[in-house]
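Asks:
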Amino acid sequence: MDFDLFRDDLGIPHVRAATETALAYGQGWVTAQDRGLQVEADRMRAEERYGEIAGAAGAAWDRFAARERLAATAREIHDALGQPERAWLAAYADGVSAGLLAGGRDVPELSGVPFRPWRPWTPIGVFLASHVLFNGFPSILWRAHVARHLHVPGVPLDRVLGLFAADGGSGSNAWAVNGRFTESGSPLVAGDPHRTLELPGPYQQVRLACTDPAAPYDVLGFAFPGVPGVPHFGHAVQPSVAHPAGGGSSVAWGITNAAAHHVEVVADGADSAGPDGWRLHWPARELSDVGVTAWRALLHARTARDVADAFAGWVDPVNRVLTADSTGDVLSLTAGKVPAVPAGAPELALPTAKPADGYVDLPAPAAVTEVAVDANERPMTQRPAGADGRPGAGPRDLRPGREAHALGWSYAPHRAERIRQLLAAATAPESPATQARIHGDTRDLGAPGLVEHLAHDASAAAVRLRSWVDDGAHLDAGSADAALYMRWRDALARRLAGHPVFAALHEPHGQDPELGPVLGGVFDVAAAVGAGLARVLAADWLVVDGPGGRLRIDVAEEVSAALAEVATAPSEAAPSEPAPSEPTWGDLHVPAPLLPVPDLVAPDVPGRPVGVRPAAVSGNNESVRCTGGSPGVALTAYRASVARYVWDLSDRTQSRWGVPFGAGGRPGGAHFDDQHATWADARTTAVVTDWDRLRPADTSLRLLNGARGAEVWRRDFGPHGVVTAHVLDPDADADLLHGWFTQPRAAFWGMGEHTRDEVRDTYAFVDSLETHHAYLVRWDDEPVVLVQAYHPEHDPIGTAYEVLPGDLGLHFFLGSRGPVARHGAPADPWTVLGPAMREFLFAGPGTRRLVGEPDAHNEKALRRMQVMGFTAGEVVSFESPQGPKVARMAYLER
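Numbering of the sequence shown is given in the working numbering, commencing with residue 290 and proceeding in unit increments.
#1: HIS795: buried (16+ other C-beta within 10 angstroms of its C-beta) or exposed?
#2: Using a threshold of 7 Å, state whether the C-beta atoms of ALA705 and VAL662 are closer than that.
#3: Candidates ALA792, ARG707, GLU692: which alpha carbon is nearest ILE727's?
#4: Would you please verify whether the beta carbon of ARG437 is less than 7 Å from any beta carbon of chain D?
#5: Only counting the same chain, and skipping five residues up and downstream in sequence, which positions put a Cβ closer than 7 Å to that of ASP987?
#6: Would the beta-carbon of VAL328 fall within 7 Å of that of GLY515?
#7: Counting C-beta neighbours from all protein chains within 10 Å, is the total for ALA556 16 or more, i.e. buried, or is it exposed?
#8: ALA923: which of GLU553, ARG783, GLU1091, VAL906 sits nearest, CA to CA?
#9: Could you tell me the boundaries of the beta strand (DSSP E) in which ILE544 lies?
#10: Measure the beta-carbon distance from VAL832 to PHE791 and round it to whole angstroms, keeping in mind my assumption that it falls under 8 Å.
#11: Excluding the five sequence neighbours on either side, which residues of its own chain have a C-beta within less than 7 Å of the C-beta of ALA1161, listed in chain order?
#12: For LEU430 and PRO652, what's the separation of their Cα atoms in angstroms?
#13: Could you tell me how far apart the beta carbons of HIS367 and LEU378 are, in whole angstroms, since I believe they sit closer than 8 Å?
#14: Grab me the residues of ALA234's own chain with a C-beta within less than 6 Å of its C-beta, minus the 5 sequence neighbours each way, in chain order.
#15: So, helix, strand or coil for SER577, using DSSP?
#16: What do you reckon, are the CB atoms on ILE1086 and GLU1142 nearer than 7 Å?
#17: Within this structure, are the beta carbons of PRO880 and ALA926 separated by less than 7 Å?
#18: Drop a sphere of 10 angstroms on the beta-carbon of PHE295, count the other beta-carbons inside from all chains shown, and report buried for 16 or more, exposed for fewer.
#19: I'd like the ranges of any alpha helix (DSSP H) spanning at least 4 consecutive residues and lying wholly in the segment 1096–1169.
#20: For HIS532, which residues from the same chain have a beta carbon less than 6 Å from its beta carbon, with the 5 sequence-adjacent residues on both sides left out?
#21: Only counting the same chain, and skipping five residues up and downstream in sequence, which positions put a Cβ closer than 6 Å to that of VAL526?
#22: Which whole-angstrom value describes the C-beta separation of LEU781 and GLU847, a residue pair presumed to lie in contact below a C-beta threshold of 8 Å?
#23: If you drop the 5 nearest sequence neighbours on each side, which residues of the same chain put their C-beta closer than 8 Å to that of ALA1021?
#24: Tell me, to the nearest whole angstrom, how far the beta carbon of VAL906 is from that of ALA969; I am working on the premise that it is less than 8 Å.
#25: When you compare the segment 799–806 with the segment 943–959, are there three or more beta-carbon pairs, one atom per stretch, that lie closer than 8 Å?
#26: When you compare only the Cα positions, how much space is there between PRO491 and ASP962?
#27: Considering only their Cβ atoms, is the gap separating VAL931 from PRO482 smaller than 7 Å?
#28: Does the beta-carbon of TRP1204 have 16 or more other beta-carbons within 10 angstroms, so that it is buried, or is it exposed?
#29: Tell me whether the beta-carbon of SER475 lies closer than 7 Å to the beta-carbon of SER944.
#30: Between which two residues does the beta strand (DSSP E) holding PHE511 run?
#31: Are the beta-carbon atoms of THR723 and HIS763 separated by less than 7 Å?
#32: Quick check: the Cα distance between PRO412 and ASP383, rounded to an integer number of angstroms?
#33: Using C-beta distances below 8 Å, list every residue in its chain close to LEU877, excluding the 5 sequence neighbours before and after it, in chain order.
#34: What first and last residue would you give for the beta strand (DSSP E) that runs through THR612?
#35: Beta carbon of PRO1170: closer than 6 Å to some heavy atom of the ligand ZN?
#36: Across which residues does DSSP place THR471 in a beta bridge pair?
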């Protein structure tokens, strides 16, 4: 299928096609190119084959996936769809398959895995595999474990379960501002989803433009790699003849997790006597519907009402949605299927003998008159200005009837309140630029309550923490006091987890031991105590029977003992200041992302992902700038904002976005982690939508792609050795090239006067182009030839001759004669290198003809090309980057 691919300076793909199916094909193709290992790993998780590349952890996942029938459920959902959705999915799957075959799966981890084409239902399987653990059922298993083992005499069970009902870092932030309170007069929608950090990230920045006159659309946003469309966060404009990049009509949306009890754990009658005798009652499976119609319908939305109508078909997971359009409408709604649990009491969610009968009728979309904030908080109708206790005359969240959206049992207590405080304190109209203060806010509203438990403690460390709270309790990367607070929390969670009060929770959980890698963390007592620390410390009723009598937690003793464990001896000169050797929060709190294959770590630094050096980050679970760890387990950030966005409904070119690492998925690639520093600083970048500012990208498959230094081609010439081609590394290869170019025989190359750094910069520029590549050819590992290959239609030579489809231009420079003596070959190295060069340059399946353009006076180069099989052509003149050039054309057909 025909489609056009463009990229911006961050490598973000912009896909354009004349039909919806061609566009879906193009999205699938570029996803496979950019995220090949990631989507194949996720596909294998959906197909119960993850163990093929992920070892024991993968085998455990496969056992779980088989138990929950992920692949079968995906097929059933697909078969129940209408024809338009099936055609859309099929086109996307075909595009992924083509992109994988075109080099997307050329990574070592997949070298032993046979290629299997994607099926039309595969994207649904990927979505299911990515969300089956996102729906809260593991927490129900934990709650059942608590109910079996933690008995508090005289205390209702729901109160005991509530000890661990605090949010541990999941969810997202989203907020919308009515145009009456913005600088432009049009609404803003902004936010950041929080998920487990992955490398590459779980979201892919993309733009999808369909030019079909009957149903055009132009949507940019965050896609799930392996799933078509942009189902969670998008900003669409309505293209027109007058404004092909998007006219005045604009709509945007963003979601947060509703924290709903939407998947039930049902006791399996066959062996319900054991804790592992359960099955999931999952709306997606029971209804054979996961909301695919909503995914596609969102691409066609033109108004906020259209978005709300599209989300009416949403199933799983249950989300809160904020949407706005350029007419000024701003809407808030909850979308998805929520079982009508007995007595409407999700706080009592435990494994049940019988699933709920039917689903909750969700409230109708509500208009947002000032602002709306969704951050996984327990929904409560807010008081107006003057009665809500928030300083400032800024806009308020006045949505009515919020209690009807309370559909779960575990909520985040602080982030929504802090966002509302920041919006209320605004002294000027909101704009995309002003949202940075919200995205980057590091204040922890929960810290004062925890530090209050140290009121009796007169130690220097306790004095420091109280002072830190008085200064705002900001979790800044450069703060040693923030590090002290978080180290104290971590030590306290560990101490309490080992307290005799919770001894019963360490009893075996009784789940299938072979599912340990999937469910093991659910039963980590320290993690549960760390997440519910505020509730545990406040539970003066927590008294249990022990072997020697009643057991209770001496809070004052435990908090001080934990602080003593981590406190550094104070300086006599400055007892209230951190010791010089104390770590800052950024020293301890660095991203620790999951990888598609668990052992993709740098061999020299255990645990560090290949190709990226994570930056220190500010924030924690409770701050708006969410970089969630797990107090009691680790201080690193394993959850975080996996995307940030600001959608400006007045002008999409003013919108902003960003991801934790980059658009690419290959370690060492130019766009693998080029957004990491911006993200770590909680900043975003402007979206670029002007087609004239984007670079056309190669979909013709003429050039071989890879990371800098990567081997992309190899040929064994038997007794004459092995020849390989590698993507040039401008940094690593600059000294070599500079040595070659400064030899007298290199005059025709035109770079003899360049410094080493100028050589590096020249080839770094070439490396940034999609249409021009440089390769270093090695013969038995010895560098011998520099090859520059390019699309002639995007090069000055394209003005001097008639470019044909499939033409590939080339320049080459013989830097060394190679190891010819070792192999007893003839004196001329081209007897080996000539055939090698031909095969290498024709390795791209889209290359039909090689085109050379040696200087017309460089007879030696022309003779060499003729020996290789080229036919000499016409003499042409054109303006090259080095000035006017007269060249003799040379052609070689495949």
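We treat Cβ as the ideally placed atom computed from N, Cα and C, and that holds for glycine.
Replies: Quick look at the numbers:
#1: Here residue 795 corresponds to residue number 506 of the sequence shown, with the count starting at 1. Exposed is the call here.
#2: Numbered from 1 along the sequence shown, position 416 holds the residue referred to as residue 705. Numbered from 1 along the sequence shown, position 373 holds the residue referred to as residue 662. Yes, Cβ-Cβ distance for ALA705 and VAL662 is below 7 Å.
#3: By one-based count along the sequence shown, residue 727 stands at place 438. Looking at the Cα atoms, ARG707 is the closest of the given residues.
#4: The structure shown contains no chain D, having only a single protein chain.
#5: For the purposes of this step, residue 987 is identified with residue 698 of the sequence shown, where counting begins at 1. Counting only Cβ-Cβ distances below 7 Å, and skipping sequence neighbours, we find GLU1059, THR1060, HIS1080.
#6: Residue numbering aside, residue 328 sits at position 39 when the sequence shown is read from its first letter. Residue numbering aside, residue 515 sits at position 226 when the sequence shown is read from its first letter. Contact flag set, yes.
#7: Counting from one through the sequence shown, the residue named residue 556 turns up at place 267. Answer is buried; the Cβ neighbour count reaches 16.
#8: Here residue 923 refers to the residue found at position 634 of the sequence shown. Minimum Cα distance to ALA923 is reached at ARG783.
#9: Taking the first residue of the sequence shown as 1, we reach residue 544 at position 255. Taken as a continuous stretch (DSSP letters only), the beta strand (DSSP E) holding ILE544 covers 539–546.
#10: Here the question's residue 832 lines up with position 543 in the sequence shown. Here the question's residue 791 lines up with position 502 in the sequence shown. No, VAL832 and PHE791 are not in contact; Cβ-Cβ is about 13 Å, not under 8 Å.
#11: Here the question's residue 1161 lines up with position 872 in the sequence shown. These residues qualify, in order along the chain: LEU1151, GLN1155, ARG1177, ALA1179.
#12: The residue given as residue 430 occupies position 141 in the sequence shown. The residue given as residue 652 occupies position 363 in the sequence shown. So the two alpha carbons sit approximately 29 Å from each other.
#13: The residue labelled residue 367 in the question sits at position 78 within the sequence shown. The residue labelled residue 378 in the question sits at position 89 within the sequence shown. Beta-carbon to beta-carbon, HIS367 and LEU378 are separated by about 7 Å, close enough to satisfy the 8 Å threshold.
#14: As displayed, the chain neither begins before 290 nor continues past 1183, which places residue 234 out of reach and without an answer.
#15: Counted from its first residue, the sequence shown places residue 577 at position 288. Reduced to three states, the DSSP call for SER577 is coil.
#16: Counting from 1 along the sequence shown, the entry for residue 1086 is found at position 797. Counting from 1 along the sequence shown, the entry for residue 1142 is found at position 853. Cβ atoms of ILE1086 and GLU1142: closer than 7 Å.
#17: The residue given as residue 880 occupies position 591 in the sequence shown. The residue given as residue 926 occupies position 637 in the sequence shown. For PRO880 and ALA926, yes; Cβs fall inside 7 Å.
#18: Numbered from 1 along the sequence shown, position 6 holds the residue referred to as residue 295. Buried.
#19: 1109–1112, 1119–1130, 1148–1156
#20: Locating residue 532 in the sequence shown gives position 243, where the first residue counts as 1. A caution first: HIS532 carries a pLDDT of 49, below 50, which makes its placement in the model unreliable, though a value can still be read off. Cβ neighbours of HIS532 beyond the five flanking positions: none.
#21: Taking the sequence shown and counting its residues from 1, one reaches residue 526 at position 237. Closer than 6 Å at the Cβ level, and outside the excluded window around VAL526, lie ASP507, GLY535, SER539, ARG941.
#22: Here residue 781 refers to the residue found at position 492 when the sequence shown is read from its first residue. Here residue 847 refers to the residue found at position 558 when the sequence shown is read from its first residue. Sure, about 7 Å apart at Cβ, within 8 Å.
#23: Here residue 1021 refers to the residue found at position 732 when the sequence shown is read from its first residue. So the list reads ARG997, GLY998, once near-sequence residues are dropped.
#24: As a working note, residue 906 is residue 617 in the sequence shown. As a working note, residue 969 is residue 680 in the sequence shown. Your pair VAL906 and ALA969 checks out as a contact, with CB atoms roughly 5 Å apart and the cut at 8 Å.
#25: no
#26: Taking the sequence shown and counting its residues from 1, one reaches residue 491 at position 202. Taking the sequence shown and counting its residues from 1, one reaches residue 962 at position 673. When rounded, the distance between both Cα atoms is 14 Å.
#27: Residue 482 sits at position 193 when you count from the first residue of the sequence shown. Residue 931 sits at position 642 when you count from the first residue of the sequence shown. Yes, the pair counts as a contact, with Cβ atoms nearer than the cut-off.
#28: Coverage of the chain is limited to positions 290 through 1183, which leaves residue 1204 absent and any answer about it impossible.
#29: The residue you call residue 475 lines up with position 186 of the sequence shown. The residue you call residue 944 lines up with position 655 of the sequence shown. Contact: no.
#30: Reading the sequence shown from its first residue, position 222 is the one you call residue 511. Per DSSP, PHE511 belongs to the beta strand (DSSP E) from 506–512.
#31: Residue 723 sits at position 434 when you count from the first residue of the sequence shown. Residue 763 sits at position 474 when you count from the first residue of the sequence shown. Not in contact: THR723 and HIS763 (Cβ atoms no closer than 7 Å).
#32: By 1-based counting over the sequence shown, the position of residue 412 is 123. By 1-based counting over the sequence shown, the position of residue 383 is 94. Their backbone Cα atoms lie some 11 Å apart in a straight line.
#33: For the purposes of this step, residue 877 is identified with residue 588 of the sequence shown, where counting begins at 1. Counting only Cβ-Cβ distances below 8 Å, and skipping sequence neighbours, we find ALA772, MET775, ARG776, LEU924, THR925.
#34: As a first step, residue 612 must be located in the sequence shown, where it is residue number 323. Here the beta strand (DSSP E) through THR612 covers 608–614.
#35: What this structure holds is no ligand at all, so the ligand ZN is not there to describe.
#36: Taking the first residue of the sequence shown as 1, we reach residue 471 at position 182. For THR471, which the question treats as bridged, DSSP gives the partners GLU719.
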